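In the order they appear, the protein sequences are chains A and B. Mapping of the first sequence onto numbering that gives the first Met the number 0: residues 0 to 448, in sequence order. Mapping of the second sequence onto numbering that gives the first Met the number 0: residues 0 to 265, in sequence order. These notes concern the structure reproduced below.
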Amino acid sequence: MLAALFGTLGCSHQSGGGLFSLGAPKTGQVGYVDIDAVVAAHPLHAQLQAMQDQVTLLQQESTLVPTGMTPQQDQAYQQLQSALAAAQTNFENDLGARRAYYEQRESQAISQLQATTLGANPDTGGVLAGLQQEFGSQAKAMQQAAFQTLNNYRDQLFKQDSDHLRNVQELIAADMRGKLAQKASQLSTAQTAYQVSVVKADQETKLNLQAKLQDLALTDAERASYNAQLRTMDQNEQTKIDAQKAQGDAEFAQYQRQVQSQAAARYEAERTATQNATQAKLVARQQELTTQMQPQLSALNGKFQTQLAAANQKLAQNPKYQAQAQAIHQQMQSSYVGEAQKANAAYDATRKALVDKYSAIAQMQFQDNAALSEQADQVAAERRDLYQRIVTQAQTQIQNIAQSGGFAVVLTNVRGGGSAVDLTDRVEKALATLGTATASPQATGSGGP
Amino acid sequence: MVRFSRTPAIAGLVVAFLLCFAPQVLATDISDIGYVDQSALGQLPPFVAAQQQYAQYQQNLAQQFQAAIKGKSQPEQQQIYQNFNNQAAQKQRDLFGPLLGRAQAAIASVAANRGLSVVVDKTIVIYGGLDITQDVISMLNQPGPILPPVNSPPPSEVGYVDQTQLDALPKAKQANDTFLSFRQTLATQLASQSKGKSDAERAQLAQSLNSQLDDEQKKVLQPVIDATNAAIAGVAKQKHLLLVIDAGNRVYGGTDVTADVVKALQ
């Protein structure tokens, strides 16, 4: 039904439905007519077909490009196409600007008229704009209040997070310092113990050497030898102690790096968790605010729609307003149509002049394809009009036949006949007796196939 | 007589041809055919508002689509196009679904109150019938939900057939494809042979090709049209129907004969 509902928008129909306007007929026959066959049998069908042929030919011609041109002629043809395209662009821009100008003027005049009619301020851009402004401001205020609430909540959460993370940072730093101090102490104790063990290991030998050096009868060579042994032993002890200390320092540095890395990871994990929790709280709060605000916004919108509907109803029921609005529309429309007609005539003349100019340059006659296409559209419109006149005439004959034959309903576009009566022949004969002279010359402007 | 560009598609031909050969039989009394002007319903404020809303939505969607396909590959663009189409279809259902449901309920309710067995679109009624448009509009203008009638429509002597299902049958589809292919070939031929010809020569050429097209139409499409015509007429008689209309023109009630016609054609 959707397609049917909107596919048929704008269709005209002239059936005799009024005959049964008080209820369904109780008796009667059903007939049907093939409108295409009736139109084909109409005395004016030849004219209709001739117009269709003309449309087809014009459409075909409008797409043709001249062949067998010399390079100079081809150049002139291309220049003609460019000039025609430029003229068309100028014309369309000009027409668009004129239309926009009159539309804007009409809109302004109608807005002012509406405001005056409804007793509103005509300088606020019309009743609709006034209402939009009023309700828009209220809606905006509500949204801003909600935004501010959310902002405050966010600031509060951020401050809490900041304080919490600072505490965490301090705790982690203290923990790290404690671990490093403990490690340093361990290493220092080990170092001292090692120093003692190294000194103890040489203590007896060194005491013996020192005792020997107490002997006054030692020769200079012996004294020098004992002193040298003592220095060597001292140096060896110091070397061992230094090596042990370097190893301790390296171990401490590595431990320090490890502890710092662990501390950084702990802080990062805490920061991420805090941030996620805050984000979740913010989203929840935002949803809560939206839910709270939605009924208020809906109510506001309902109020706006009600006032707008009331204003529209007042305008619809005001004949003076309707007449004035119609007059404004007609005035603007008339002005626009007048200017558009002049612009169109000038545009046609420009196109013709361009075709003549470049035909003279190329020394061959070019054609204006756009003009041919326009001509095709014009003939097609005339054909549609004639078609509608034929259909209208056929409908009149069908109604006569139906009334005299006691038919309750006559349909068309039927896919297949059962026990209903095919009236096509009768309608064709009735139309044939009318002759072409009686075919209505009144243009209807309606559409048709 | 240049008619090259207006050869109808198979569906249109079937309609026209059926009407030419519909049998002349005795009339039957009738009292239950109504019609509604669907275009008038489409002009009601809720429908107009929905149309405007949908048009605005489409416009916005078109802009979003243009932005979305920038720099995308062909397959990606196709995927995006499909997504946007789905969105538009969903929006259409959201906007018009409730309105159409309400309109259908109103039509069914009025038809039931008036004792109508079938309601058709106004465009196919040339004379008579019961116009229920105003009743439907009045009901639609009332606030609140519209309850559909509890009873289903009475059996109708007006049948309807879904042409899309008939067109999808293998024979019809093959005939249509063959004809369209032939027509395309002739169109190419006309374009190439028209070059450098005078107006008269071009017109003559077009006439010649149109004649070939007519012959092909009779050869390829006519048997399908004849078969469909015979099938629909046969079903109409077998089921004691007054006539059969296209499903697109049926609004409420009627007798669906599509399955019978399909069966007869197979």
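Backbone N, C-alpha and C define an ideal beta-carbon position, used for all residues, glycine too. Nothing here was measured: the structure is a model prediction, and the numbers come from that model.
What residues are listed by DSSP as bridge partners for Thr-411 (chain A)?
A:Val-32
Could you say which of A:Lys-428, A:Gln-398, A:Val-198 and A:Arg-414 lies nearest to Ala-407 (chain A) if we only look at CA atoms?
A:Gln-398
What is the rounded straight-line gap between the Cα of Ala-26 (chain B) and the Cα of Tyr-126 (chain B)?
Confidence in Ala-26 (chain B) is poor, its pLDDT being 32 and thus under 50, which makes the residue's placement too unreliable to answer from.
Under 8 Å by beta carbon: chain A residues contacting Asn-112 (chain B):
Going along chain A, no residue has its Cβ under 8 Å from Asn-112 (chain B), so there is no contact; the nearest lies around 11 Å.
Below 8 Å between beta carbons: does that hold for Asp-161 (chain B) and Thr-227 (chain B)?
no
Following the continuous alpha helix (DSSP H) through Leu-56 (chain A), name the residue where it begins and the one where it ends.
44 to 60
Chain B contacts made by the segment 390 to 412 of chain A, where a contact means CB separation under 7 Å
Gln-394, Ile-397, Gln-398, Ala-401, Phe-406, Ala-407, Val-408, Val-409, Leu-410, Thr-411 and Asn-412
Which residue's Cα is closest to the Cα of Thr-132 (chain B): B:Asp-120, B:Pro-169, B:Arg-92 and B:Gln-141?
B:Asp-120
Whole angstroms is fine: what's the gap from Arg-230 (chain A)'s alpha carbon to Ser-196 (chain A)'s?
18 Å
If the cut is a Cβ gap below 7 Å, which residues of chain A does Lys-90 (chain B) touch?
Simply none; closest approach about 13 Å.
Burial state of Pro-152 (chain B), where buried means 16 or more other Cβ atoms lie within 10 Å:
buried
Beta-carbon proximity check, Ser-358 (chain A) vs Ser-61 (chain A), cutoff 8 Å
no
Does Lys-236 (chain B) come within less than 8 Å of chain A when only Cβ atoms are used?
yes
Would a check of beta-carbon distances place Asp-225 (chain B) closer than 8 Å to chain A?
no
Answer with yes or no whether the minimum CB distance from Arg-388 (chain A) to chain B is below 8 Å.
no
Inspect the CB distances between the segment 389 to 405 of chain A and the segment 38 to 46 of chain A and report whether three or more fall short of 8 Å.
yes
Taking any Cβ of chain B, which residues in the segment 56 to 77 of chain A have a Cβ under 8 Å from it, in chain order?
Leu-56, Gln-58, Gln-59, Glu-60, Leu-63, Thr-66 and Gly-67
Quick check on Ala-23 (chain A) - is its C-beta less than 8 Å from some C-beta in chain B?
Summary for Ala-23 (chain A): the model assigns pLDDT 37, below 50, so the residue's position carries little reliability; its value from the coordinates is reported in the next sentence. For Ala-23 (chain A), the answer is yes, since a Cβ of chain B falls inside 8 Å of its Cβ.
State buried or exposed for Tyr-80 (chain B), treating a residue as buried only when at least 16 other CB atoms are found within 10 Å of its CB.
exposed
Please look up how many angstroms separate the CB atoms of Ala-275 (chain B) and Val-219 (chain B), rounded, as I've assumed it's under 8 Å.
Here chain B comprises residues numbered 0 to 265, so residue 275 (chain B) is not present and cannot be evaluated.
Could you name the residues of chain A that Asn-228 (chain B) contacts, counting a contact when the two beta carbons are closer than 8 Å?
Gly-415
Hey, does Ser-20 (chain A) have any beta-carbon neighbour from chain B nearer than 8 Å?
For Ser-20 (chain A), the predicted model reports a pLDDT of 29, less than 50, meaning its position is unreliable and no value from the coordinates is stated.
Cβ-based contacts, 7 Å cut-off: residues of the segment 144 to 177 of chain B near chain A
Val-160
Counting only Cβ-Cβ distances shorter than 8 Å, please list the residues of the segment 327 to 345 of chain A near chain B, keeping chain order.
none
Bridge partners of Ile-244 (chain B), per DSSP?
A:Val-413 and B:Tyr-159
State the Cα-Cα distance for the pair Gln-71 (chain A) and Met-363 (chain A), rounded to the nearest angstrom.
11 Å
By Cβ distance, which residues of its chain are closer than 7 Å to Tyr-254 (chain A), with the 5 residues on each side in sequence left out?
Lys-182
Along the beta strand (DSSP E) that carries Val-117 (chain B), what are the first and last residues, could you check?
117 to 120
Three-state secondary structure (DSSP) at Leu-40 (chain B)?
helix
On the criterion of 16 or more Cβ atoms from any shown chain inside 10 Å, does Ser-81 (chain A) qualify as buried, or is it exposed?
exposed
List, in order along the chain, the chain A residues whose C-beta lies closer than 7 Å to that of Asp-259 (chain B)?
Within chain A, no residue comes near Asp-259 (chain B); the closest Cβ sits about 11 Å away, beyond 7 Å.
Reduced DSSP secondary structure (H/G/I, E/B, other) of Val-420 (chain A)
strand
Measuring alpha carbon to alpha carbon, tell me which residue in A:Leu-56, A:Gln-78 and A:Leu-47 is nearest Ala-361 (chain A).
A:Gln-78
If distances are taken between C-alpha atoms only, which option among A:Ala-310, A:Ser-187 and A:Leu-353 comes closest to Phe-365 (chain A)?
A:Leu-353
Which same chain residues end up closer than 6 Å to Ala-189 (chain A) when comparing Cβ atoms and leaving out the 5 residues on each side of it in sequence?
none
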